[in-house]
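**Q** Under our numbering, think of the first position of the sequence shown as 8, with each following residue one higher.
C-beta atoms are modelled at their ideal positions from N, C-alpha and C, and glycine is treated no differently.
I have a structure I would like to understand better, so I am pasting it below and will then ask my questions one at a time.
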Amino acid sequence: MDDTASAGTPDGATPPAKTSLLRTRIRQLTTPWWRLLWLIGGLAWAVVFNIVYVTTGGTQEWWGIVSVVPIALLLLDLLRIERLERAAEQKRQADLRKQI
């Protein structure tokens with residue numbers, strides 16, 4: 008085996024394809040369909056409330072806070088999904104170690 012080959016793959020074998028982090032994040036934001044709708048609606052909500060906040064001269068500070076609520080809730084949901092996926096992956100890895 009030459010020095011440039013990785014230790015984990017035998018000669019001539021290709022390593023398994025891994026999805027990129029960006030592709031995974033986009034998939035999480037757009038799957039299922041309601042999460043994509045939530046993202047688009049949250050962005051529209053933020054734009055509308057920020058326009059209202061700016062046009063009122065910034066006197067009603069709660070407009071600015073309200074504008075980020077849907078995006079913040081979406082991010083919390085994504086963090087929850089990420090945590091569940093990591094826990095499932097760790098459990099799968101632990102089960103594989105037990106089999107060996």
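Could you tell me the alpha carbon to alpha carbon distance between Ala95 and Thr26, rounded to whole angstroms?
**A** About 18 Å.
**Q** To the nearest angstrom, how far is it from the Cα of Thr81 to the Cα of Asp102?
**A** Looking at the sequence provided, one finds Leu at residue 81 rather than Thr. When rounded, the distance between both Cα atoms is 32 Å.
**Q** Apart from the five residues just before and just after Gly71, which ones in its own chain have a Cβ nearer than 8 Å to its Cβ?
**A** Result list for Gly71: Phe56, Asn57, Tyr60, Gly65, in chain order.
**Q** Assuming Ala51 and Ser74 make a contact with CB atoms under 8 Å, what is their CB distance in whole Å?
**A** So it is not a contact: roughly 11 Å between Cβ atoms.
**Q** In the DSSP assignment, find the unbroken alpha helix (DSSP H) run with Gln67 in it and report its ends.
**A** Run containing Gln67: none; DSSP gives neither H nor E here.
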